[in-house]
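J.: In my numbering, the protein residues as written are 278 to 482.
Where is the CB? At the ideal position from N, CA and C, for every residue including glycine.
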């Protein structure tokens with residue numbers, strides 16, 4: 278997407294990869310039952326319809342349930358994308374159904390030949406990503422500890438630079454998160470932006 282901050286894009290790509298993994302993990306191949314085994318008809322009564330919730334966990338749980346349900350229905354394999362997409366209409370409602378009908382099912386949709394993965398990613402992009410990043414940024418900006426740092430900095434004769442504020446902030450976060458951000462993800466306050474730290478912190482949470 279044009280003009281997208283690198284940290285935001287990094288977070289979005291990570292979520293896309295996670296959704297793709299859910300599909301690959303359960304639907305890469307089609308179940309084949311032995312001749313003497315009669316497969317039971319899989320029921321999806323336990324699957325709660327996705328209505329467009331803004332939390333990633335809601336979409337993730339629903340997508341996982343859908344993937345395993347479709348696998349149990351023998352819809353695995355690269356040649357079953359359209360069948361998988363068709364099955365979704367029974368498990369989507371509300372604003373998610375409106376999006377699905379308008380962008381995926383409608384004869385005049387802009388994009389043709391959707392894949393099952395692309396539908397999940399489309400739902401994520403439309404309902405989860407924008408809201409999640411906006412809420413996370415707002416929560417971060419209004420964090421008590423960060424506010425105190427900025428307040429102290431403003432009272433100084435010479436306002437602290439961003440690096441000094443970030444160093445103090447990093448000293449105040451849990452040691453385990455600090456360890457993950459600095460050592461495992463190679464982030465540095467003097468190099469990386471606030472949004473990049475935020476994107477990795479969201480992934481850690």
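1) Indicate the three-state DSSP secondary structure (helix, strand or coil) for residue 327 in the structure shown.
2) Can you list, in chain order, the residues of its chain with a C-beta nearer than 6 Å to that of residue 339? Leave out the 5 residues immediately preceding and following it.
3) Report buried or exposed for residue 358, applying the criterion of at least 16 other Cβ atoms within 10 angstroms of its Cβ.
4) Could you say which of 454, 373 and 303 lies nearest to residue 351 if we only look at CA atoms?
5) Going by C-alpha distance, which of 380, 406, 321 and 332 is nearest residue 345?
6) To the nearest whole angstrom, what separates the beta carbons of residue 372 and residue 329, a pair I think is in contact under 8 Å?
7) For residue 342 versus residue 324, is the C-beta distance shorter than 7 Å?
8) Per DSSP, residue 468 forms a beta bridge with which residues?
9) Decide if residue 434 is buried, meaning its Cβ has at least 16 other Cβ atoms within 10 Å, or exposed.
10) From residue 289 to residue 394, what does the alpha carbon distance come to, in whole angstroms?
11) Do residue 376 and residue 403 have their C-beta atoms closer together than 7 Å?
T.: To lay it out plainly:
1) Residue state, collapsed to three classes: strand.
2) In chain order, 327 place their CB closer than 6 Å to the CB of residue 339, counting only its own chain and leaving out the 5 sequence neighbours on each side.
3) So residue 358 ends up on the buried side.
4) Ranking the options by Cα distance to residue 351, first place goes to 303.
5) Considering only alpha carbons, the answer is 321.
6) That pair is a contact at about 4 Å.
7) In this structure, residue 324 lies closer than 7 Å to residue 342 by Cβ.
8) Paired residue(s): none; residue 468 is not in a bridge.
9) At residue 434 the pLDDT is 44, less than 50, meaning the model places this residue with poor confidence and gives no usable figure here.
10) Distance between the alpha carbons of residue 289 and residue 394: 15 Å.
11) In contact: residue 376 and residue 403 (Cβ atoms closer than 7 Å).
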